[in-house]
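Using the working numbering, read the sequence shown as starting at 87 and increasing by one per residue.
Input: a single structure, listed below in structure tokens.
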Amino acid sequence: MIPIPSSKQCLLCELLHNTALNETVCRLEFRWAGSIPRAGQFFMIRPERTSVFLGRPISAAGWNSGASSPSVHFLIAKRGRGTEELTRINPGERAELIGPLGNAWGDLLPNEGPIALVGGGAGVAPMTAFAGELGDRAYDFYGGFKSASFGLESVHPLSLIIAGEDGSAGRRGRISDFLEPAKYRAVYACGPEPMLKAVAGSCNKAGVPCFVSLERRMACGVGACLGCTIKTVWGSRRCCADGPIFNAAEVIFDE
Ligand SMILES: Cc1cc2nc3c(=O)[nH]c(=O)nc-3n(C[C@H](O)[C@H](O)[C@H](O)COP(=O)(O)OP(=O)(O)OC[C@H]3O[C@@H](n4cnc5c(N)ncnc54)[C@H](O)[C@@H]3O)c2cc1C
Ligand code: FES
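Put into structure tokens, the structure is as follows:
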């Protein structure tokens, strides 16, 4: 049994709502009486009724810390068995949530200047959470999707740039092709690794700091098993405990 650091919590939480956003993505809202997450942090989630042994890492997309019924919500995209089972939990059923885990976007924010938030697919989840933390601070939001857009109801950017690979959401193409990094003091991104690599490359060319939230398969989620390492210019780092957000200039992306 892997010990959970005392700052994190492991709670059996009731699912309040399961809303399908399209054929492969749903929004799950759980009752959550633990610490309020910060944008960028994630939870290891494992349904009580499941066939998988390990929880799956999922970023907090938002939360309601109101005293009467605190909750946290997530966007889940079906990928394999674990995420498929998560999309099938019914309201009233419970799941084990361990978290909040990992680092937060808010610690990487310049004091002033324009910033861009870039989300691809379910990677929009931690970016919408970040947008929610920004208050009056202006930002541009870039959302990239395979098909129709989802999950953007709560973002209120200066400019909203949406791109879809099949042309059914905003501009046709990859969102990284529409980003103009030179307009920003810093760029923050979460999504599929090829998208992150493209965003990091264009920021690097423009000399603009870029921070990316990386995905690795995770077993413990708390830094104990070394199962989630990424390569950086400083050597190996644990995605769960040293990240998941890293300075893109320090990440060595796979070829
Ligand atoms: C910090 C973090 C936050 C995440 N936040 C979200 C989120 O908000 N919403 C969401 O839908 N998903 C999120 N993910 C991804 C999600 O955890 C994986 O899709 C999930 O673990 C896959 O489990 P599975 O059982 O469905 O698929 P599996 O059967 O385990 O795998 C299906 C396929 O996906 C590949 N794969 C599985 N996990 C990963 C991974 N982490 N990175 C790269 N390839 C992988 C496998 O190699 C396999 O080809 C996040 C991942 C991390 C690390
Ligand atoms: S998942 Fe165990 S160290 Fe990251």
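By construction, the Cβ of each residue, glycine as well, lies at the ideal position given by its N, Cα and C atoms.
Using a strict less-than 7 angstroms threshold between each residue's beta carbon and the heavy atoms of ligand 2, what residues do you get?
Listed by chain position, these are Met304, Ala305, Cys306, Gly307, Val308, Gly309, Ala310, Cys311, Leu312, Gly313, Cys314, Arg324, Cys325, Cys326 and Ala327.
Cys96 to Lys317, Cα distance in whole Å?
Straight through space, the alpha carbons of Lys317 and Cys96 are spaced by roughly 29 angstroms.
With DSSP as the reference, label Ala316 as helix, strand or coil.
The residue you asked about is not Ala; residue 316 is Ile in the sequence shown. Three-state result, Ile316: strand.
Would DSSP call Pro355 helix, strand or coil?
Here the chain has residues from 87 to 341 only, and residue 355 is not among them.
Ile162: CB within 8 angstroms of a non-hydrogen atom of ligand 1:
Yes, since a heavy atom of ligand 1 falls inside the 8 angstroms radius drawn around the Cβ of Ile162.
If I follow the unbroken alpha helix (DSSP H) through Ala286, where does it start and stop?
Unbroken alpha helix (DSSP H) run through Ala286: Glu279 to Ala292.
Where the beta strand (DSSP E) through Gly168 begins and ends:
Segment Arg167 to Thr173 is the alpha helix (DSSP H) holding Gly168; no beta strand (DSSP E) there.
Measuring straight from C-alpha to C-alpha, what distance separates Gly199 and Ala272?
Each residue's Cα considered, the two are about 8 angstroms apart.
Which of helix, strand or coil DSSP assigns to Leu102:
Three-state result, Leu102: strand.
Pairwise C-alpha distance: Ala305 and Cys311
Counting only the Cα atoms, Ala305 lies some 7 angstroms from Cys311.
Can you list, in chain order, the residues of its chain with a C-beta nearer than 6 angstroms to that of Ser145? Leave out the 5 residues immediately preceding and following it.
Cβ within range, chain order: Phe128, Ala211 and Pro212.
Cβ neighbours of Val294 in the same chain (closer than 8 angstroms, five flanking residues each side left out):
Around Val294: Pro267, Ala268, Tyr270, Arg271, Ala272 and Val273.
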